[in-house]
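If you count the sequence shown from 1, you need to add 1 to reach the working numbering.
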Amino acid sequence: MAVSGFEGFEKRLELHFFGDDPAFLQMGLRKLDFESLQQVLQAVQCTAVSAVGNSYFDAYVLSESSLFVYPTKIIIKTCGTTQLLKSIRPLIYYAHHHLGLTLCSCRYTRGSFIFPKAQPFPHTSFKDEATYLEETIPTNLCYRKASIMPSKSSSHSWHVFIANDESHIPYDYDNEIYTMEICMTELDPILARKFFRPPGDGKTGDSAGKEMTVLTGVNEINPEALICDFAFDPCGYSMNGIDGDWYSTIHVTPEDGYSYASFECVGSKNTDLVHMLRKVVQIFRPGTMSVSTTFSGYSNEIWARVASAVEPMGWKCRSCTMDQFPEAGSVVFQTFTPRRKST
Ligand SMILES: C[S@+](CC[C@H](N)C(=O)[O-])C[C@H]1O[C@@H](n2cnc3c(N)ncnc32)[C@H](O)[C@@H]1O
């Protein structure tokens, strides 16, 4: 393990807003001007490098991960030493003063940092993060819970903070929509090499990214998705896939010693979870993988679907934890390693 390197594990923030003016709600947060978004990203300490949109939402690749802007929902995911939680105050301010929108839900999640001592405040510990969140979000978000979901390995746990108001449940109970966040470490070194650029390739980040998407098979995960991709120099890769109102996103830190990749998507009971999970596992062949699923309702069937997708490929589920959050549904946290590897 390197003494210090790039922190691949992302912090993820999802904020939901509501408003009364239907004219504003149609485009909602998508009407925020780019200058305001840049101010938010400046507070976090990252920049936008690429963007794509459709009639449902806008997706940005950031220097450190991704940003998705829907009319009443914003998702920011950032890695490295970014200060993600510092985006909350400016976002609440711009949404309220420019668009008349009010925050009604906040969800913050992350894995366990590889280099926790390199993180700046408020990411210095989960206790600091939870305190910062408690002090930053408005009081109408009265249902609050912070939880650290453990695994068998002390180096992998899932940190969750969810807060909601009383009257705007942000999840679609009828359609059983879930968000799946997969974190992979110890990538197969041969596969990780594909996320390095040849020195002096003379390509732009966009064109090198396009090539990586095809070369690695990322484009086969969801062939329907419109992909916005970017290859960093000398290495590293990010992509956002957009398919109707659903996104998927991949970020890769391929450096030996602290290699990391993440895959995140939204799905429903009709999603081909088996194809998707198997493809992801084939592209990275990680030494350890965690799968965190957030869903409405309290059915715990999703963990069984995840396990049955990857177990036939030689993976063993080493731990499975479930937690429930008031007015917000449940989170399942599973960890897997190849069957041949002991914990
Ligand atoms: C931004 S990407 C993907 C981020 C993603 N969250 C992850 O860690 O997997 C990170 C990778 O790009 C590399 N990289 C190269 N130039 C970079 C830059 N200007 N900003 C951020 N990462 C850069 C890092 O060394 C790392 O391998």
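We put the beta carbon where it would ideally sit given N, CA and C, even for glycine.
- In the three-state DSSP reduction, lysine 78 falls in the strand class (E or B).
- Looking at the DSSP output, methionine 185 bridges to Ala262, Met290.
- Here threonine 338 has Gly288, Thr289, Met290, Trp316, Lys317, Arg319, Thr344 as same chain residues with Cβ atoms under 8 Å from its own Cβ, once five neighbours each way along the sequence are excluded.
- One Cα belongs to serine 269, the other to arginine 145, and the distance between them is close to 26 Å.
- With fewer than 16 other Cβ atoms inside 10 Å of its own Cβ, leucine 216 counts as exposed.
- Note on threonine 125: under 16 other CB atoms within 10 angstroms of its CB, so exposed under the neighbour-count rule.
- When Cβ pairs closer than 8 Å are counted between the two stretches, the stretch 50-61 is seen not to touch the stretch 16-28, the count staying below three.
- Taking glycine 245 as reference, the option from Gly237, Arg341, Leu227, Tyr179 with the minimal CA-CA separation is Leu227.
- According to the DSSP assignment, arginine 108 belongs to the beta strand (DSSP E) that extends over 103-111.
- A Cβ-Cβ contact shorter than 7 Å links tryptophan 304 with valine 333.
- The alpha-carbon separation between glycine 54 and valine 70 amounts to approximately 9 Å.
- For tyrosine 61, no alpha helix (DSSP H) run applies; the uninterrupted beta strand (DSSP E) run containing it begins and ends at 59-63, by DSSP.
- When the alpha-carbon of proline 139 is set against those of Ala164, Ile76, His160, the nearest one is in Ala164.
- Beta bridge pairing from DSSP links tryptophan 304 with no other residue.
- Under the three-pair Cβ rule at 8 Å, the stretch 6-14 counts as touching the stretch 70-86.
- Phenylalanine 231 and histidine 252 have their C-alpha atoms spaced approximately 10 Å apart.
- For the pair glutamine 40 and phenylalanine 116, the Cα-to-Cα distance works out to about 27 Å.
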